[in-house]
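Structure, as structure tokens:
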Amino acid sequence: MTTAQRNRDLAEQQRSRDDVVRAAGRLFAERGFHGTSMRHLGNELGLLGSSLYSHVSGKDELLVAVVSRGAALFQALADEVLASELDPPQQLRMLVEGHVAIVADNLDEARTILNEARFLPDTARQPIVAMRDRYEAAVRTVIERGVATGDFTAADPGLAAILVLSVLNAFERWFRPDGTRTREQLATDMYRFVLGGLR
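Residue numbers for the sequence shown follow this note's numbering, beginning at 37 and rising by one.
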């Protein structure tokens with residue numbers, strides 16, 4: 037066995053399923069689901085096809101894993117916001133800042149869930165859709181609470197929630213980690229914009 041073969045075998049042994057899922061997230065974010073092949077993934081990880089398939093069954097499984105990971109992050113944020121005892125404007129701030137932090141820290145997963153989730157296999161679609169609906173419902177609940185306290189004047193909290201989410205979900209398209217403004221500054225500006233719209 038050559039040194040190159042030994043190094044390749046060692047690299048294959050050290051790769052975990054989590055490594056494969058993270059690499060898939062990067063490629064799905066960069067190339068799209070249909071633009072990514074298992075060969076691309078193998079090249080990214082330095083794995084041969086047989087080794088790659090020892091971790092996952094295929095691209096569909098990887099898409100489910102990446103999207104589920106991203107959806108879980110957003111759902112945890114929504115649950116934390118709704119459980120807090122802050123007033124509605126502060127809950128809204130927590131939601132906006134949390135959303136921005138999730139996207140900034142997990143850009144690959146965020147881009148994949150927002151742009152590629154439509155390609156999920158039918159068997160995996162329902163749980164993801166349910167999590168998305170729960171997240172939207174959390175935003176709507178915060179707005180409804182603000183309307184009830186007089187902090188917000190949204191005539192239709194459901195429509196207002198969709199508009200707020202449209203602003204938040206667009207963040208991944210234009211955010212640049214090396215941009216001139218920090219994510220904290222951007223989150224503050226987005227919060228002020230959203231708050232102004234609700235008032």
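C-beta atoms are modelled at their ideal positions from N, C-alpha and C, and glycine is treated no differently.
Would you say residue i and residue j are within 8 Å of each other, going by their C-beta atoms?
i	j	result
threonine 148	valine 103	yes
alanine 108	glutamate 208	no
leucine 81	glutamate 152	no
valine 132	leucine 204	yes
leucine 231	alanine 174	no
methionine 167	glutamine 111	yes
proline 124	phenylalanine 188	yes
proline 193	glutamate 172	no
aspartate 141	arginine 62	no
leucine 234	glycine 182	yes
alanine 65	leucine 77	no
arginine 170	alanine 206	no
valine 139	phenylalanine 211	yes
arginine 219	alanine 101	no
What three-state label does DSSP hand residue i in the structure shown?
i	result
histidine 135	helix
threonine 218	coil
histidine 76	helix
leucine 122	coil
glycine 232	helix
threonine 189	coil
leucine 81	helix
leucine 46	In this prediction, leucine 46 scores a pLDDT of 48, lower than 50, which makes its location untrustworthy; the coordinate-derived value is nonetheless stated afterwards. In the structure shown, leucine 46 sits in a helix (DSSP, three-state: H, G or I).
Which residue comes first and which comes last in the alpha helix (DSSP H) that contains residue i?
i	result
asparagine 205	193-205
asparagine 151	143-151
arginine 212	That residue, arginine 212, is in no alpha helix (DSSP H); it is neither H nor E in DSSP.
threonine 185	158-185
arginine 105	95-119
glycine 61	53-67
Sorry if obvious, but does the Cβ on residue i come closer than 7 Å to a heavy atom of the ligand PLP?
i	result
leucine 199	In the structure on display, the ligand PLP does not appear, and there are no ligands present to speak of.
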